[in-house]
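For the sequence shown, this note's numbering begins at 161 and goes up steadily by one. Positions of the beta carbon are idealized from the N, C-alpha and C atoms, including for glycine. These numbers were taken from a predicted model, which means no experiment stands behind them. To start, the structure under review is shown below, and the notes come after it.
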Amino acid sequence: MSTAQVTDLYEVTMAHSYLREQMTAPATFDLFVRKLPPGRGFLVAAGLEPVLDFLAELRVDEEDVAAFAAALGRPYQDLEPLLGLRFTGRVRAVPEGRIVLAGEPVLEVTAPLPEAQLVESFLLNQVCHQTAVASKAARCVIAAAGRPVVDFSLRRTHGVPAGEQAARLGALVGFAGTSNVAAARRYGLRAVGTMAHSYIEAFGDEAAAFRAFARAQPGPATFLVDTYDTEAGVAVAARVLHELGLHEGCAVRLDSGDLGALAGSARRILDAAGLPGVRITASGGLDEYAVDELVRTGAPIDLFAVGTLVGVAADAPYLDAAYKLVAYDGRPMMKLSTGKVTAPGAKQVHRAPGFTDTVTLADEPAPAGTRPLMETVMANGRRTGPARSLTEARATFEADLTELPDAAGRIIDPRPPVAAVSERLRSLTDRVRRSIEARQQAARDPNG
Numbered sequence: 161m162s163t164a165q166v167t168d169l170y171e172v173t174m175a176h177s178y179l180r181e182q183m184t185a186p187a188t189f190d191l192f193v194r195k196l197p198p199g200r201g202f203l204v205a206a207g208l209e210p211v212l213d214f215l216a217e218l219r220v221d222e223e224d225v226a227a228f229a230a231a232l233g234r235p236y237q238d239l240e241p242l243l244g245l246r247f248t249g250r251v252r253a254v255p256e257g258r259i260v261l262a263g264e265p266v267l268e269v270t271a272p273l274p275e276a277q278l279v280e281s282f283l284l285n286q287v288c289h290q291t292a293v294a295s296k297a298a299r300c301v302i303a304a305a306g307r308p309v310v311d312f313s314l315r316r317t318h319g320v321p322a323g324e325q326a327a328r329l330g331a332l333v334g335f336a337g338t339s340n341v342a343a344a345r346r347y348g349l350r351a352v353g354t355m356a357h358s359y360i361e362a363f364g365d366e367a368a369a370f371r372a373f374a375r376a377q378p379g380p381a382t383f384l385v386d387t388y389d390t391e392a393g394v395a396v397a398a399r400v401l402h403e404l405g406l407h408e409g410c411a412v413r414l415d416s417g418d419l420g421a422l423a424g425s426a427r428r429i430l431d432a433a434g435l436p437g438v439r440i441t442a443s444g445g446l447d448e449y450a451v452d453e454l455v456r457t458g459a460p461i462d463l464f465a466v467g468t469l470v471g472v473a474a475d476a477p478y479l480d481a482a483y484k485l486v487a488y489d490g491r492p493m494m495k496l497s498t499g500k501v502t503a504p505g506a507k508q509v510h511r512a513p514g515f516t517d518t519v520t521l522a523d524e525p526a527p528a529g530t531r532p533l534m535e536t537v538m539a540n541g542r543r544t545g546p547a548r549s550l551t552e553a554r555a556t557f558e559a560d561l562t563e564l565p566d567a568a569g570r571i572i573d574p575r576p577p578v579a580a581v582s583e584r585l586r587s588l589t590d591r592v593r594r595s596i597e598a599r600q601q602a603a604r605d606p607n608g
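This is the structure in C-alpha cells:
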C-alpha cells in the first residue's frame, strides 16, 4: 500500500475539492501542542525524520486514486485530479531532540493547499506519538541521575513499528541500549538482555540455569535472581560467579517485589561474597516515577530497564496537538473556536537563556540575545541537507537539558516555562480576529 493512503478520508475529500475549485495557492500550516499533559514540564521534539522521508517520497499513483474513489464511493474519474500529486513545498521545523514548550510551532508546512492538506494525518501521527514517547523517556534519564537506562518495551508497545520507534527515541535521549534486536541493528544501538523466569523454571535449579546461561553468553552475564526467593537467588548467583571466575561487568537482575529493599540486600550479599564489582539491575514496571523514588531513597541500583510504561507513554499517551491553517494565498488565517483559538501567520520561536522563549512572526528580527529554534529542513519538496543522525539529535537534547530550569525537569510537580508572544504577533492576531468577527456579524445581519 502506498504511503499516500495513510491519511484520513476527509483530507482526501478536502484536497480533491481544492483541486476542483482551483484553490492551489500556497498555504501555511502550523503543527503545535496546545498544552502539556499533566505532569510534564517540557516536551522533546521527535518524529521529524520519518516525516521528511514521507514527504520526499509522497506520490499519488493510480492505485491510490482507485483507493480514494472506492472509499468515497465515487467513480475513478472523479478523483483523477489527485493523480500525480506530490509534495513540492517547504518545511520549517524544530530539530529532533530539541526541548520545546506548549504553544510553540514544532513544524510548519508551506505548500499548495491540496498538498499541505493531504499530509496532515501522517504528520500528526508521527510527531505526536514520537514526541510523547521521547518526552517520557527523557524524564527517565533525568530520574536515573546518571545511571544507565535501557529499553525493554517491545513486547507491549502498540505494534512492532511503535516498538522500533521506542528504541530509537530512547537512544535519542540517552538510553544505553535496547532489548529490540531489529531496532538495535537498524539504528546502530547496543542490544541488551538477560533471561526470563521461564529459563530458570525450565532447568528447575537456579545454579544449573546460571551456569548454562554463562556458557551461552559470550560476555559478562546477568542472572535473574527473583524466580523463587530473591535473597537465596542472589546467594546462588554469587556462588556460580565465583565458581566460573566471573566478576567485573556481571550483574544480577531484580524484577519484582520491593526493589529498593531487595537491592540493599543483594548489595550486602554480593559485597560479603567479595563481589563488589557485580552490578545490580532493576526492571519490572518501572518508569520515571519509580526510578526517581529508588534513586532518591538511595537504592544501590546500577542500571534501570524500563519497558511498558515508557514504551506506551502510559501516563500521557497522547498530546493535545493540532495542525492548523495560519495563512493562505498571502492572507493570515486563524480559528476562533472556543478553547481552540489559533494564532495567524508563519512564525518563529526565539530562545534566550533559561528557556525564555518568544513566539514571533517569521519575518520579525530576532530579539537580542536569542537564537531561532525553527530551521528550513525541506524546500521544493526536497531535504535541504542529509538526514540528521541519532548522535546529532542526542547532542541537541543533552545541550538543551543542561539549560532546562530545574523546576521544569522535576519528576514530581514540574513547572513548565511559558513562551511569550511578540507584540507584532499579538497585534496581527487581534487584527485578524476583529476582521473575522466583523464578517461574522455581517453574515448574521445582512441588512445591517
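For the candidate residues the options, whose alpha-carbon lies nearest to that of residue i?
i: residue 311; options: 343, 285, 434, 391; result: 343
i: residue 272; options: 163, 487, 496, 444; result: 487
i: residue 249; options: 267, 260, 275; result: 275
i: residue 484; options: 200, 283, 418, 225; result: 283
i: residue 423; options: 446, 448, 394, 169; result: 394
i: residue 588; options: 360, 231, 567, 494; result: 494
i: residue 473; options: 448, 464, 457, 242; result: 448
i: residue 202; options: 384, 403, 565; result: 565
i: residue 442; options: 464, 431, 427; result: 464
i: residue 381; options: 356, 409, 360; result: 409
i: residue 329; options: 539, 175, 258; result: 258
i: residue 524; options: 585, 232, 384; result: 585
i: residue 596; options: 545, 533, 496, 567; result: 496
i: residue 427; options: 335, 446, 385; result: 385
i: residue 285; options: 353, 371, 166, 506; result: 166
i: residue 346; options: 359, 331, 552; result: 331
i: residue 189; options: 182, 505, 314, 362; result: 505
i: residue 379; options: 251, 351, 366, 544; result: 351
Beta-carbon within less than 8 Å of residue i's beta-carbon, same chain only, minus the 5 sequence neighbours each way: which residues are those?
i: residue 194; result: 262, 263, 480, 481, 482, 500
Please confirm whether residue i and residue j have their CB atoms less than 8 Å apart.
i: residue 171; j: residue 280; result: yes
i: residue 216; j: residue 548; result: no
i: residue 411; j: residue 455; result: no
i: residue 492; j: residue 581; result: no
i: residue 290; j: residue 207; result: yes
i: residue 609; j: residue 461; result: Past the edges of the chain, shown from 161 to 608, lies residue 609, and the structure says nothing about it.
i: residue 232; j: residue 164; result: no
i: residue 433; j: residue 398; result: yes
i: residue 253; j: residue 537; result: yes
i: residue 323; j: residue 471; result: yes
i: residue 298; j: residue 557; result: yes
i: residue 266; j: residue 187; result: no
i: residue 300; j: residue 396; result: no
Could you tell me if the beta carbon of residue i falls within a distance shorter than 7 Å of some heavy atom in the ligand ADP?
i: residue 240; result: Summarising the ligand content, the structure contains no ligands, and the ligand ADP is consequently not present.
Quick one: residues in its chain with C-beta nearer than 6 Å to the C-beta of residue i, no 5 flanking neighbours on either side, listed in chain order?
i: residue 327; result: 311, 338, 340, 343
i: residue 175; result: 274, 277, 278
i: residue 295; result: 203, 204
Apart from the five residues just before and just after residue i, which ones in its own chain have a Cβ nearer than 7 Å to its Cβ?
i: residue 478; result: 288, 292
i: residue 244; result: 220
i: residue 390; result: 414, 417, 422
Exercise for review: Tell me the start and end of each unbroken alpha helix (DSSP H) in the stretch 419–450 that is at least 4 residues and wholly inside, in chain order.
Suggested key: Listed in chain order, the complete alpha helix (DSSP H) runs (minimum 4 residues) inside the stretch 419–450 are 419–432.
Exercise for review: Would you be able to state if there are at least three C-beta pairs under 8 Å between the stretch 528–540 and the stretch 300–308?
Suggested key: Look at the beta carbons and you see the stretch 300–308 not touching the stretch 528–540: under three pairs across the two are nearer than 8 Å.
Review point. What residue ranges within the stretch 377–407 form continuous beta strand (DSSP E) runs of no fewer than 3 residues, ordered along the chain?
Key: Listed in chain order, the complete beta strand (DSSP E) runs (minimum 3 residues) inside the stretch 377–407 are 382–384.
Exercise for review: Could you tell me whether the stretch 513–528 touches the stretch 228–240, using the rule of 3 or more Cβ pairs below 8 Å?
Suggested key: Too few Cβ pairs lie closer than 8 Å, so no.
Check your understanding: Would you call the stretch 312–325 and the stretch 183–199 touching, i.e. three or more CB-CB distances under 8 Å?
Key -> Fewer than three Cβ pairs drawn from the stretch 312–325 and the stretch 183–199 lie within less than 8 Å of each other, which leaves the two stretches out of contact.
Practice item. At 3 residues or longer, and completely inside the stretch 224–295: list those beta strand (DSSP E) runs for me, N to C. Key: Scanning the stretch 224–295 from its first residue to its last, the whole beta strand (DSSP E) runs of 3-plus residues come out as 250–253, 265–272.
Exercise for review: Taking only runs that begin and end inside the stretch 329–357, name each unbroken alpha helix (DSSP H) of 4 or more residues, in chain order.
Suggested key: Scanning the stretch 329–357 from its first residue to its last, the whole alpha helix (DSSP H) runs of 4-plus residues come out as 341–347.
Point to revise | Contiguous beta strand (DSSP E) assignments of at least 3 residues, all confined to the stretch 484–515 | key: Scanning the stretch 484–515 for uninterrupted beta strand (DSSP E) segments of 3 residues or longer gives 507–512, listed from N- to C-terminal end.
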